[in-house]
Amino acid sequence: MAGGSLETAWELAQLFVLRPVLAVTFVLSFILLSWYVAWRTVLVHVPLVQEIAGLRRKKPVKPKPPNRGRIARFYESQAQRNSKSEGIS
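Note that the sequence shown covers residues 1 to 89 in the UniProt record's numbering.
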């Protein structure tokens with residue numbers, strides 16, 4: 001009689017504890033393996049993912065020249081004209 005109740009207790013433990021734990025472990029390991037394969041094959045090459053993960057090195061920032069465009073040259077020439085006209089008066 002004691003052996004029979006021990007067997008049923010073991011069967012209940014398997015049914016309610018061991019099986020769910022093994023099932024959850026299997027599912028989590030499958031998800032992690034799938035994520036690892038996707039990371040190594042595809043996601044590493046996506047620029048947005050590279051930026052988020054910190055895999056992409058930032059390009060050094062070049063300082064912009066002070067007179068780089070037409071508008072800057074225009075205002076610079078206007079400033080020179082104004083300074084010359086103020087110096088004459």
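Think of the CB as a built atom: it goes at the ideal place given N, C-alpha and C, for glycine as much as any other residue. All of these numbers come straight from a predicted model, not from anything done at the bench.
Taking the C-alpha atoms as reference points, what is the distance between Arg-81 and Arg-70? On the sequence shown, position 81 is the one that residue 81 refers to. On the sequence shown, position 70 is the one that residue 70 refers to. Going from the Cα of Arg-81 to the Cα of Arg-70 covers about 16 Å.
By the three-class DSSP mapping on this structure, what secondary structure does Lys-84 have? To locate residue 84, count along the sequence shown from 1; it is residue 84. DSSP places Lys-84 within a helical segment (H, G or I) once states are collapsed to three.
Can you find the residues in the same chain that come closer than 8 Å, C-beta to C-beta, to Met-1, ignoring five residues on each side of it along the sequence? To locate residue 1, count along the sequence shown from 1; it is residue 1. At Met-1, the pLDDT of 49 sits below 50, so the modelled position is not reliable; the number obtained from the coordinates is stated separately. Residues of the same chain with a CB within less than 8 Å of the CB of Met-1, apart from the 5 flanking positions on each side, do not exist.
Just to confirm the assignment, what range does the alpha helix (DSSP H) spanning Phe-16 have? Position 16 of the sequence shown, counted from the first residue, corresponds to residue 16. DSSP places Phe-16 in no alpha helix (DSSP H); its state is neither H nor E.
If you follow the alpha helix (DSSP H) that Pro-60 is in, where does it begin and where does it stop? One-based indexing of the sequence shown puts residue 60 at position 60. Where Pro-60 is concerned, there is no enclosing alpha helix (DSSP H), given that its DSSP letter is neither H nor E.
Express the C-alpha separation of Leu-15 and Ala-53 in angstroms, rounding to a whole number. In the sequence shown, the residue the question calls residue 53 occupies position 53. In the sequence shown, the residue the question calls residue 15 occupies position 15. Cα to Cα, Ala-53 sits roughly 41 Å from Leu-15.
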